[in-house]
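Residue numbers (the working numbering): 17 to 194.
Given below as structure tokens:
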């Protein structure tokens with residue numbers, strides 16, 4: 017038998033033995049965290065009476081003071097528990113695009129009864145970009161619900177700085193409502 021025939025026969029036998037081995041076991045797919053059913057409703061803050069203008073202005077003043085302390089130029093909006101604009105302030109030098117973004121953040125915080133940072137995390141960390149298909153979502157931090165006595169009375173939104181700057185300013189504003 018020639019060397020070529022021996023090589024061909026060896027390749028054939030090797031291929032045949034590999035083909036007869038059972039396939040390697042595939043690991044079970046990871047459980048989908050979205051299939052988990054919580055015992056209680058998350059973000060279940062009941063809506064309350066709308067925030068009054070005076071309280072909205074106080075929240076804006078606190079957020080603006082925090083932003084000014086750091087030389088951040090932001091736009092700040094407060095909406096009521098129905099998502100309607102109650103008060104707004106544009107700091108000197110704040111970018112124009114942030115006017116609508118700040119209101120959008122405030123409205124999203126009320127509509128979904130949670131901080132807008134939740135959506136940012138869902139998109140960037142949890143790799144769930146489909147949340148952007150939900151009407152009214154904004155995937156950027158800086159929208160904070162305003163809760164008084166366990167009731168959602170409005171939302172505050174800041175825009176113009178980085179997401180982290182917007183969030184810090186808005187949390188200071190939200191802290192005036194208790």
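The beta-carbon is built from N, C-alpha and C at its ideal position, and this holds for glycine as well.
The beta carbon of residue 120 is closer than 6 Å to those of 154 in its chain, skipping five residues each way along the sequence.
Within a 10 Å sphere around the beta-carbon of residue 132 sit 16 or more other beta-carbons, which makes this residue buried. Check the Cα spacing between residue 150 and each of 118, 80 and 128: the tightest is with 128.
In the DSSP secondary-structure assignment, residue 174 is bridged to 92.
The distance from the Cβ of residue 82 to that of residue 188 is about 4 Å, consistent with a contact at the 8 Å cut-off.
Annotation: the continuous beta strand (DSSP E) that includes residue 163 extends over 159-164.
Measuring C-alpha to C-alpha distances from residue 136 to each of 118, 123, 159 and 114 identifies 159 as the nearest. Looking at the DSSP output, residue 144 bridges to nothing. Listed as beta-bridge partners of residue 106 by DSSP are 91. Between the alpha carbons of residue 170 and residue 51 lies a gap of roughly 31 Å.
Going by C-alpha positions, residue 48 is about 12 Å away from residue 144. Beyond the five residues adjoining it in sequence on each side, residue 66 comes within less than 8 Å, by CB distance, of 96, 97, 98, 100, 102, 169 and 170 in the same chain, given in chain order.
For residue 179, the uninterrupted alpha helix (DSSP H) segment begins and ends at 179-190.
In terms of Cα proximity to residue 192, the closest of 173, 164, 105 and 183 is 164.
When rounded, the separation of the alpha-carbon atoms in residue 172 and residue 108 is 19 Å. The Cβ-Cβ distance between residue 94 and residue 76 falls below 8 Å.
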